[in-house]
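The next block holds one structure in the form of C-alpha cells; read it before the comments.
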DNA sequence: CGCGTTTACGTCGTTCGTAACGATA
DNA sequence: TATCGTTACGAACGACGTAAACGCG
C-alpha cells in the first residue's frame, strides 16, 4: 500500500470509475493506474471495485470502507504539506471557494481583491452551486472553503464561522406605486403583486414562502431566476417586483427603487464553512480575515481542531456598514 | 512523502529519538531511516527534529504537528489492512491488552482462554500498568484495547464499554474476631485495624480513602502492595486485614475469610476502552464478546465510528453470577 | 574507545511511460 | 469502429543494505 495507490484509488472513484479520466486528472497514464489498482487489490486480498467485463461497474462494500479511510489519509497528507508550505512562507497556491452566485457576485469580490493584492500568486477558483451542492463540494474535498447563507442555524456539516448578516430588500421600478406611498410595504401588499425572486424560493422550505405562510398568505411568484442580475433585469422589464439580497444592490441601479424588508423577512446569516481537521494555508486565513474581519485568526484555527465553543457575534456588523468601512 | 517515511518518522519519535533503536523496531537499517528522514525534511522544507551535533535532540514545534498527522495516517493505513484481514477471514494476528494486574490475573484469563481456543494463531500480549499508564499505552497505539476499572464515570479518553461491575471485600485470616462476630463490619471497625490494600489506595483521590473520609474517619493503611496475591500473603502473615477486589478471591483461599463490603464502598466498574476510529480485527470482537457477553457486536462497531449513545447496562450481571454461568 | 550518525557505493526492486493487444457497446 | 482497459517491455529512478568515515561523550 502506497500513498500513490490510495491517490489513484480515490481519483478513480471520483472520476466515476473511469480510469482513463482519472489518469488525466492525476497527470499519469491509464495503464499505470490500472496496474497500481490491481496491485493494491492483490495486496489487500479483495476487490475494491466490481468488474463488469473489463470495466469498473461499482464500488464494493469493502471498497467504500477503504475509500473513506484513503480519503482521510490523503487529507492528512495534504495537511502535512500545508503545514510545510505555511512554514516556508510559500505565497503561491490555490483557493477553491464553493459558494452561491449571490456571494460570488456581490459579497466576495472585495475580499478576493484584497487577497489577490497580498498574495498575487494564489489562484482563486469560484465554484458556484446550490446550497446542497456547495456543502457537498466541500465535503468531497473539491473545495477548500464554502461560503453559504442560512436563515437560522448554521449548516450541519463542517465547521461554520459566521461571516456577516443581511436582509432582503424589495425592488421595484422607479415610480412604482409601492414605492410612492412612502411607507414600507406589508406582506399583504406583496402577496397581491407578482414577485420575481431566486429559484430557491420555489422550494417548499424556502424562507420566503414560509414568511408568507406564517401569516396565512400565499405569494404569487411570477418568475424565478438563478441570480440577482437576472432578477433585476426582469424587474426592469415590469414582470413583477423583486425580492432579493440587499448585497445585490449596486450604486448603478438608479432606475430601481429598493424598499426595506427587514420587518417582513427573517435576517439571514452568511457562513464560512470549513472541513474539520484541516490545516489552512496562510492565505486562506488572510482571506477569511478580510471577508469576516471580526473573526480572530486564532479563533479560526481553534475552531478547526477541536469542536470548540461556537464563535460569538461581534457588535453585529451590518452589510452597509461593512462596505462603508 | 511516502508511508514508509512517515512510519520511520514516528518510529524515531517513539524510540526516543534514537534512530538505531527505531531502525531495529521497524526491521530496517539505521542509514536507511537516517536518509529517509532527511529526504522527508528536504521535501517539507524544514527540520522535524532539532539536531545537537549529529544526534537528534528534540522534536520541533512543526515536527509535533506533522507527527500527529503521521500517526493518524498510519492508523488509518492499519485500519485498511484490518478491513482486508477481516474480509479474508485471517485467523492470525496479535492482541495487545493494556490493563492492570487485577484484571490480568483474575478477570481476563477466562476470556483469553476462550479466545485462544477459537483463534489459536492469535498471540495475546498483556501489558500491565497503572491506570494512567494503561490509557496512555492505548492512546499511543502501543495497545489494541485497554481494560480498566473506575468507581464512577468511565475514563475520559477513548471509547469506554462497560464490561462488568464488582465490589471490594474485606479479607481476614480464619478465626479473626472481625469475622467471628457474624455481622458485617462497619467503617469504624475497619478504621481501628491496620489495613493491607493496593498501592493505589495511598493516593489522595483513592476511593478507599474517600469512603472513610466521607464519614470523618482516617484509615490506617499498614502496608500496600501492587497485586492481590501479595496482599493475601501479608494478610496471612497477620500484618493486617485486607481490602481488595472480590475477583481476587480464589477457591483455594480456604485459610482466609472474606467479609462483604458492599455496604461500605462504592461499586466499581470495569471498562473495555478502545481508540476512536479504529477497525477491530474479528478476533478482538470475539474477545470482547467473551469478556463482556452483554455487549452486542454491532454495539461495539457502532460505538467506534460515531460518538454514539453510551452503552446501557444489561440486567446487571454480577461477578459471581458471571463466573458461575 | 564505544556509540550513534552520516557518507559512499552497488544492487535490486519497482514504477512509469510507450506501444501493442483485447474486449465491449 | 470507437472507447476503455489489459498486457508487454524497456528505461530510469529510488530504496535498501553493506562498508567505511566522522563526532561526541
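Chains as they are written, first to last, in the working numbering: chain A, 141 to 465; chain B, 141 to 465.
Glycine included, each C-beta is placed from N, C-alpha and C at the ideal position.
Determine whether the beta carbon atoms of residue 177/B and residue 143/B lie at a separation below 8 angstroms. Reading the second chain from its first residue, position 37 is the one you call residue 177/B. Reading the second chain from its first residue, position 3 is the one you call residue 143/B. No. Outside cutoff.
Determine whether the Cβ of residue 224/A lies closer than 8 angstroms to any Cβ atom of chain B. By one-based count along the first chain, residue 224/A stands at place 84. Judged by the 8 angstroms Cβ criterion, residue 224/A is in contact with chain B.
Residue 174/A lies in the alpha helix (DSSP H); which residues open and close that run? Walking along the first chain from the start, residue 174/A turns up at place 34. Taken as a continuous stretch (DSSP letters only), the alpha helix (DSSP H) holding residue 174/A covers 170-184.
Mind reading off the beta-carbon distance from residue 226/A to residue 319/A? Whole number of angstroms is fine, and I expect it under 8 angstroms. For the purposes of this step, residue 226/A is identified with residue 86 of the first chain, where counting begins at 1. For the purposes of this step, residue 319/A is identified with residue 179 of the first chain, where counting begins at 1. Actually they do not touch by this definition, with Cβ atoms about 51 angstroms apart.
Using alpha carbons as the reference points, say which of 360/A, 433/A, 422/A and 304/A lies closest to residue 408/A. The residue you call residue 408/A lines up with position 268 of the first chain. It is 304/A.
Where the alpha helix (DSSP H) through residue 427/B begins and ends: In the second chain, counting from the first residue as 1, residue 427/B sits at position 287. Counting along the chain, the alpha helix (DSSP H) containing residue 427/B begins and ends at 422-431.
C-beta atoms of residue 159/B and residue 145/B nearer than 8 angstroms: In the second chain, the residue the question calls residue 159/B occupies position 19. In the second chain, the residue the question calls residue 145/B occupies position 5. No; because the gap between Cβ atoms is not below 8 angstroms, this pair is not in contact.
Less than 8 angstroms separating the beta-carbons of residue 334/A and residue 348/A? Indexing the first chain from 1 puts residue 334/A at position 194. Indexing the first chain from 1 puts residue 348/A at position 208. No, they are not a contact pair.
What separation, rounded to the nearest whole angstrom, lies between the Cα atoms of residue 299/A and residue 287/A? Translated into positions along the first chain, residue 299/A becomes position 159. Translated into positions along the first chain, residue 287/A becomes position 147. Cα to Cα, the separation comes out at about 11 angstroms.
First and last residue of the uninterrupted alpha helix (DSSP H) at residue 352/B: Here residue 352/B refers to the residue found at position 212 of the second chain. Note, residue 352/B: alpha helix (DSSP H), 347-353.
Let me know the beta strand (DSSP E) ranges lying completely inside the segment 173-246 of chain B, each 3 residues or longer, listed in chain order. 189-192, 195-199 and 233-239
Residue 337/A - containing beta strand (DSSP E), residue span: Locating residue 337/A in the first chain gives position 197, where the first residue counts as 1. Looking at the DSSP string, the run of the beta strand (DSSP E) that includes residue 337/A is 334-338.
Please state the DSSP three-state secondary structure of residue 270/B. Start at 1 with the first residue of the second chain, and residue 270/B comes out as number 130. Coil at residue 270/B, not helix or strand.
Assign residue 147/B to buried or exposed, taking buried as 16 or more other Cβ atoms, counted over all protein chains shown, within 10 Å of its Cβ. Residue 147/B sits at position 7 when you count from the first residue of the second chain. Buried.
Could you tell me if residue 152/B is buried or exposed, where buried requires 16 or more neighbouring beta carbons within 10 angstroms of its beta carbon? Start at 1 with the first residue of the second chain, and residue 152/B comes out as number 12. Buried.
For residue 263/B, three-class secondary structure by DSSP: As a first step, residue 263/B is located in the second chain; it is residue number 123 there, counting from the start. Reduced to three states, the DSSP call for residue 263/B is strand.
Cutting at 7 angstroms between CB atoms, please list the residues of its own chain near residue 438/A, excluding the five before and the five after it. What you label residue 438/A is simply residue 298 of the first chain in a count that begins at 1. Around residue 438/A: no qualifying Cβ.
Give every residue of the same chain whose Cβ lies closer than 7 angstroms to the Cβ of residue 325/B, excluding the five residues on either side of it in the sequence, and list them in chain order. Taking the second chain and counting its residues from 1, the one referred to as residue 325/B is at position 185. Here the set comprises 310, 318 and 399.
Please classify residue 360/B: does DSSP put it in a helix, a strand, or coil? By one-based count along the second chain, residue 360/B stands at place 220. Reduced to three states, the DSSP call for residue 360/B is strand.
Whose Cβ in chain B lies nearer than 8 angstroms to the Cβ of residue 142/A? In the first chain, residue 142/A corresponds to position 2, counting from 1. Per Cβ cutoff of 8 angstroms: 142 and 143.
At the level of alpha carbons, what is the spacing between residue 432/B and residue 413/B? For the purposes of this step, residue 432/B is taken as the residue at position 292 of the second chain. For the purposes of this step, residue 413/B is taken as the residue at position 273 of the second chain. Answer to the nearest angstrom: the Cα atoms are 12 angstroms apart.
Quick check on DSSP: helix, strand or coil for residue 141/B? Counted from its first residue, the second chain places residue 141/B at position 1. Of the three classes helix, strand and coil, the one that applies to residue 141/B here is coil, per DSSP.
If you draw a straight line from the alpha carbon of residue 386/A to that of residue 307/A, how long is it in whole angstroms? Taking the first chain and counting its residues from 1, one reaches residue 386/A at position 246. Taking the first chain and counting its residues from 1, one reaches residue 307/A at position 167. C-alpha separation (whole angstroms): 6 angstroms.
Given a cut-off of 8 angstroms, decide if residue 336/A and residue 382/A are closer than it, judged by their beta-carbon atoms. Locating residue 382/A in the first chain gives position 242, counting from the first residue. Locating residue 336/A in the first chain gives position 196, counting from the first residue. Closer than 8 angstroms, so yes.
Rounded C-alpha distance that separates residue 182/A from residue 188/A: What you label residue 182/A is simply residue 42 of the first chain in a count that begins at 1. What you label residue 188/A is simply residue 48 of the first chain in a count that begins at 1. If I take the Cα positions, the gap works out to 10 angstroms.
Interface flag, residue 185/A vs chain B, CB-CB below 8 angstroms: Position 45 of the first chain, counted from the start, is the residue given in the question as residue 185/A. Closer than 8 angstroms to some Cβ of chain B, the Cβ of residue 185/A qualifies, so yes.
So, does the CB of residue 212/A fall closer than 8 angstroms to a CB anywhere in chain B? Translated into positions along the first chain, residue 212/A becomes position 72. Output row for residue 212/A: interface = yes.
Proximity of residue 426/B and residue 255/B at Cβ, strictly below 8 angstroms: Counting from 1 along the second chain, the entry for residue 426/B is found at position 286. Counting from 1 along the second chain, the entry for residue 255/B is found at position 115. Taking 8 angstroms as the Cβ cut-off, residue 426/B and residue 255/B qualify as a contacting pair.
Can you name the residues of chain A whose CB is closer than 9 angstroms to the CB of residue 442/B? Numbered from 1 along the second chain, position 302 holds the residue referred to as residue 442/B. Here the premise fails: no neighbours, minimum Cβ distance about 15 angstroms.
Are the Cβ atoms of residue 235/B and residue 274/B separated by less than 8 angstroms? Here residue 235/B refers to the residue found at position 95 when the second chain is read from its first residue. Here residue 274/B refers to the residue found at position 134 when the second chain is read from its first residue. Cβ atoms of residue 235/B and residue 274/B: not closer than 8 angstroms.
Residue 269/B to residue 296/B span [Cα, whole Å]: Here residue 269/B corresponds to residue number 129 of the second chain, with the count starting at 1. Here residue 296/B corresponds to residue number 156 of the second chain, with the count starting at 1. Roughly 18 angstroms between the two C-alpha positions.
Segment limits, alpha helix (DSSP H) that includes residue 289/B: Taking the first residue of the second chain as position 1, residue 289/B is located at position 149. Per DSSP, residue 289/B belongs to no alpha helix (DSSP H); it is in the beta strand (DSSP E), 285-290.
With respect to the beta strand (DSSP E) encompassing residue 409/A, which residues constitute its N-terminal and C-terminal limits? To locate residue 409/A, count along the first chain from 1; it is residue 269. 408-414 is the span of the beta strand (DSSP E), which, as asked, contains residue 409/A.
Counting only runs that start and end within the segment 371-411 of chain A, where is the beta strand (DSSP E) found for 3 or more residues in a row? 381-385 and 396-400
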